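**Student:**
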Ligand code: NAD
Ligand code: GLY
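Numbering (our numbering), first residue to last: 22 to 369.
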């Protein structure tokens with residue numbers, strides 16, 4: 022005997038991403054702003070001037086990737102229970118990608134899921150992390166290995182927050198902007214070649230185009246069954262570099278910048294991209310002082326480290342390779358010898 026539960030359903034998780042100065046918002050609910058001491062010190066009073074709620078709480082977690090863990094989630098959940106948050110309550114993520122990923126994850130599990138809103142304050146989180154509903158934390162096995170797909174109800178991107186962002190953090194965000202352009206939008210890449218993103222209007226335009234690009238990808242493949250993996254361009258190599266350097270030498274976006282350069286070298290070798298296109302990409306990265314070289318000491322060891330990445334299976338490695346500028350190929354059939362030749366060219 023069998024009993025069937027008919028659960029096929031169409032769920033509308035659509036939401037708007039607003040890129041503009043923050044408008045005043047009133048919530049008829051309990052609201053908690055999740056942030057860290059650095060962001061709170063710089064921008065909380067501004068945010069508080071824009072938010073009204075039935076009851077408003079601030080929950081502060083320590084700053085940094087090392088605190089993107091279960092302890093911080095427990096701290097957030099405990100505070101929500103203490104304040105008797107219910108299923109109609111709302112969380113607001115106010116910070117960079119670390120705060121966004123953790124707030125999203127806490128909201129996905131608190132009482133089996135409540136709403137959250139993203140107010141990202143770094144360039145990387147404005148153009149990438151706040152959009153698309155990937156939430157999660159790290160554990161001793163690696164980065165982002167625990168989490169859920171849980172879409173925010175809204176994303177409010179106010180470029181004004183970026184005025185206090187250190188130059189290196191800004192550059193790390195630019196790397197993710199370049200990633201979107203190279204993989205999906207040749208016109209956007211040409212725009213980046215001509216523009217100076219230190220100019221406010223150009224930056225706002227680049228944020229808009231990056232967000233539109235990511236939103237288009239997520240709309241087609243929310244849970245990364247295929248196309249969304251292309252957003253990991255530069256990451257397969259970048260993750261190994263981050264790991265080899267103990268997550269201290271490079272910011273994530275910086276490692277991705279080097280990773281894109283290595284991926285481009287492989288793409289050139291496979292006839293997917295011209296040398297001229299590869300050097301145009303390198304030029305844009307260098308314009309924002311991003312690193313574009315890395316000395317690979319041991320190519321075999323570097324190659325083996327690919328298997329630690331969750332995008333790779335035991336048997337094959339998935340490479341995200343640009344096809345010219347504006348196209349992308351997701352492949353697990355690049356032979357080891359070719360990859361090693363490319364890695365060795367970075368060892369000299
Ligand atoms: P982050 O959140 O650690 O922020 C970087 C630093 O900038 C922190 O010290 C932060 O406190 C500070 N900061 C934030 N806003 C500031 C401001 N306006 N002025 C001055 N300082 C400010 O790092 P990040 O680069 O924003 O995000 C990286 C995280 O995002 C990683 O954990 C990564 O896994 C995640 N991520 C998630 C997705 C996704 O789709 N969910 C995509 C990309 C990255
Ligand atoms: N940052 C990659 C993604 O959101 O899929």
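Glycine is no exception: its CB is placed at the ideal position from the N, C-alpha and C atoms.
The structure presented is a predicted model; accordingly, all values stated were derived computationally and were not measured.
Could you give the DSSP three-state label for residue 37: helix, strand or coil?
**Tutor:** Start at 1 with the first residue of the chain shown, and residue 37 comes out as number 16. In the structure shown, residue 37 sits in a strand (DSSP, three-state: E or B).
**Student:** At which residues does the alpha helix (DSSP H) containing residue 203 begin and terminate?
**Tutor:** If you number the chain shown from 1, residue 203 lands on position 182. 188 to 205 is the span of the alpha helix (DSSP H), which, as asked, contains residue 203.
**Student:** How big is the Cα-Cα spacing for residue 346 and residue 242?
**Tutor:** Against the chain shown, residue 346 aligns to sequence position 325. Against the chain shown, residue 242 aligns to sequence position 221. Rounded to whole angstroms, residue 346 to residue 242 spans 21 Å at the Cα level.
**Student:** Going by other Cβ atoms of all chains shown within 10 Å of its Cβ, with 16 needed for buried, is residue 110 buried or exposed?
**Tutor:** To locate residue 110, count along the chain shown from 1; it is residue 89. So residue 110 counts as buried.
**Student:** Cβ of residue 253 versus every heavy atom of the ligand GLY: is any distance shorter than 7 Å?
**Tutor:** Position 232 of the chain shown, counting from 1, holds the residue named residue 253. Yes, the Cβ of residue 253 comes within 7 Å of a heavy atom of the ligand GLY.
**Student:** Just to confirm, are residue 227 and residue 218 a CB contact at a threshold of 8 Å?
**Tutor:** As a position in the chain shown, residue 227 is number 206, starting the count at 1. As a position in the chain shown, residue 218 is number 197, starting the count at 1. Cβ atoms of residue 227 and residue 218: closer than 8 Å.
**Student:** Quick test of your reading: residue 204 and residue 343, contact by CB under 8 Å. State the CB separation rounded to the nearest angstrom.
**Tutor:** Position 183 of the chain shown, counted from the first residue, corresponds to residue 204. Position 322 of the chain shown, counted from the first residue, corresponds to residue 343. The pair is a contact, with the Cβ atoms about 6 Å apart (cut-off 8 Å).
**Student:** Can we say the segment 143 to 162 touches the segment 170 to 187, given the rule of at least three CB pairs closer than 8 Å?
**Tutor:** yes
**Student:** Helix, strand or coil for residue 137 per DSSP?
**Tutor:** For the purposes of this step, residue 137 is identified with residue 116 of the chain shown, where counting begins at 1. Three-state DSSP puts residue 137 in a strand.
**Student:** Mark residue 69 as exposed unless 16 or more other C-beta atoms lie within 10 angstroms of its C-beta, in which case mark it buried.
**Tutor:** Taking the chain shown and counting its residues from 1, one reaches residue 69 at position 48. Classification of residue 69: exposed, given that the 10 Å Cβ count is below 16.
**Student:** Please classify residue 71: does DSSP put it in a helix, a strand, or coil?
**Tutor:** One-based indexing of the chain shown puts residue 71 at position 50. It is coil, neither helix nor strand.
**Student:** Out of 61, 82 and 53, which has the shortest C-alpha to C-alpha gap to residue 75?
**Tutor:** For the purposes of this step, residue 75 is taken as residue 54 along the chain shown, with counting starting at 1. The shortest Cα separation from residue 75 among 61, 82 and 53 belongs to 53.
**Student:** Nearer than 7 Å: is that true of the beta carbon of residue 46 relative to any heavy atom of the ligand GLY?
**Tutor:** Walking along the chain shown from the start, residue 46 turns up at place 25. The answer is no for residue 46.
**Student:** Looking only at DSSP bridge pairs, what is residue 160 linked to?
**Tutor:** As a first step, residue 160 must be located in the chain shown, where it is residue number 139. Beta-bridge pairing links residue 160 to 163.
**Student:** Excluding the five sequence neighbours on either side, which residues of its own chain have a C-beta within less than 7 Å of the C-beta of residue 263, listed in chain order?
**Tutor:** Position 242 of the chain shown, counting from 1, holds the residue named residue 263. Shown here for residue 263: same chain residues with a beta carbon closer than 7 Å to its own, the five before and five after excluded, namely 271, 273 and 276 in chain order.
**Student:** Evaluate residue 370 with the Cβ neighbour count: other Cβ atoms within 10 Å of its Cβ, from every protein chain shown; 16 or more gives buried, anything less gives exposed.
**Tutor:** Absent from the model: residue 370. The displayed extent of the chain is 22 to 369, so no value can be given.
**Student:** Can you tell me the Cα-Cα spacing of residue 293 and residue 128, whole angstroms?
**Tutor:** Against the chain shown, residue 293 aligns to sequence position 272. Against the chain shown, residue 128 aligns to sequence position 107. Using only the alpha carbons, I get a separation of about 42 Å.
**Student:** Taking 8 Å as the threshold (C-beta atoms), are residue 138 and residue 187 in contact?
**Tutor:** What you label residue 187 is simply residue 166 of the chain shown in a count that begins at 1. What you label residue 138 is simply residue 117 of the chain shown in a count that begins at 1. The answer is no: Cβ separation not under 8 Å.
**Student:** If you drop the 5 nearest sequence neighbours on each side, which residues of the same chain put their C-beta closer than 6 Å to that of residue 289?
**Tutor:** In the chain shown, the residue the question calls residue 289 occupies position 268. Excluding sequence neighbours, residue 289 sits near 296 and 299.
**Student:** Which of the three DSSP states is assigned to residue 343 in this structure?
**Tutor:** If you number the chain shown from 1, residue 343 lands on position 322. Residue 343 falls in the strand class under three-state DSSP.
**Student:** Residue 273: beta carbon under 7 Å from a heavy atom of the ligand NAD?
**Tutor:** By one-based count along the chain shown, residue 273 stands at place 252. Answer for residue 273: yes, Cβ within range of the ligand NAD.
**Student:** Rounded to the nearest angstrom, how far is the Cβ of residue 327 from that of residue 317, given a contact under 8 Å?
**Tutor:** Here residue 327 corresponds to residue number 306 of the chain shown, with the count starting at 1. Here residue 317 corresponds to residue number 296 of the chain shown, with the count starting at 1. No, residue 327 and residue 317 are not in contact; Cβ-Cβ is about 12 Å, not under 8 Å.
**Student:** For residue 305 and residue 178, what's the separation of their Cα atoms in angstroms?
**Tutor:** On the chain shown, residue 305 is found 284 positions in, with the first residue counted as 1. On the chain shown, residue 178 is found 157 positions in, with the first residue counted as 1. About 24 Å.
**Student:** In the DSSP assignment, the alpha helix (DSSP H) including residue 154 goes from what residue to what residue?
**Tutor:** Along the chain shown, one-based indexing puts residue 154 at 133. It is not in any alpha helix (DSSP H) - residue 154 carries neither H nor E in the DSSP assignment.
**Student:** Give me the residue from 40, 253 and 97 with the minimum Cα distance to residue 142.
**Tutor:** For the purposes of this step, residue 142 is taken as residue 121 along the chain shown, with counting starting at 1. Minimum Cα distance to residue 142 is reached at 40.
**Student:** Buried or exposed: where does residue 162 fall if 16 or more other Cβ atoms within 10 Å of its Cβ makes it buried?
**Tutor:** By 1-based counting over the chain shown, the position of residue 162 is 141. With fewer than 16 other Cβ atoms within 10 Å, it is exposed.
**Student:** By Cβ distance, which residues of its chain are closer than 6 Å to residue 151, with the 5 residues on each side in sequence left out?
**Tutor:** Here residue 151 corresponds to residue number 130 of the chain shown, with the count starting at 1. Correct list, in chain order: 121, 139, 141 and 176.
**Student:** Where residue 239 and residue 155 are concerned, what is the direct C-alpha to C-alpha distance, given to the nearest angstrom?
**Tutor:** Taking the chain shown and counting its residues from 1, the one referred to as residue 239 is at position 218. Taking the chain shown and counting its residues from 1, the one referred to as residue 155 is at position 134. Cα to Cα, residue 239 sits roughly 10 Å from residue 155.
**Student:** Locate the alpha helix (DSSP H) running through residue 221, then write down its first and last residues.
**Tutor:** Translated into the one-based positions of the chain shown, residue 221 becomes position 200. Residue 221 -> alpha helix (DSSP H) spans 221 to 241.
**Student:** Terminal residues of the continuous beta strand (DSSP E) containing residue 117?
**Tutor:** One-based indexing of the chain shown puts residue 117 at position 96. Unbroken run through residue 117: none, as it is neither H nor E.
**Student:** The alpha helix (DSSP H) spanning residue 301 covers which residue range?
**Tutor:** Start at 1 with the first residue of the chain shown, and residue 301 comes out as number 280. Here the alpha helix (DSSP H) through residue 301 covers 296 to 308.
**Student:** Can you give me the C-alpha to C-alpha distance between residue 159 and residue 362, rounded to a whole angstrom?
**Tutor:** As a working mapping, residue 159 is identified with position 138 in the chain shown. As a working mapping, residue 362 is identified with position 341 in the chain shown. In this structure, the CA atom of residue 159 is about 32 Å from the CA atom of residue 362.
**Student:** Excluding the five sequence neighbours on either side, which residues of its own chain have a C-beta within less than 8 Å of the C-beta of residue 73, listed in chain order?
**Tutor:** What you label residue 73 is simply residue 52 of the chain shown in a count that begins at 1. Around residue 73: 45, 46, 47 and 48.
**Student:** Since residue 46 sits in a beta bridge, which residues does DSSP pair it with?
**Tutor:** On the chain shown, residue 46 is found 25 positions in, with the first residue counted as 1. Bridge pairing for residue 46: 72 [DSSP].
**Student:** Whole angstroms are fine: how far does the CA of residue 103 sit from the CA of residue 315?
**Tutor:** Working through the chain shown from its first residue, we reach residue 315 at position 294. Working through the chain shown from its first residue, we reach residue 103 at position 82. Approximately 48 Å, taken between the alpha carbons.
**Student:** Is the distance from the Cβ of residue 280 to the Cβ of residue 266 below 8 Å?
**Tutor:** Locating residue 280 in the chain shown gives position 259, where the first residue counts as 1. Locating residue 266 in the chain shown gives position 245, where the first residue counts as 1. For residue 280 and residue 266, no; Cβs fall outside 8 Å.
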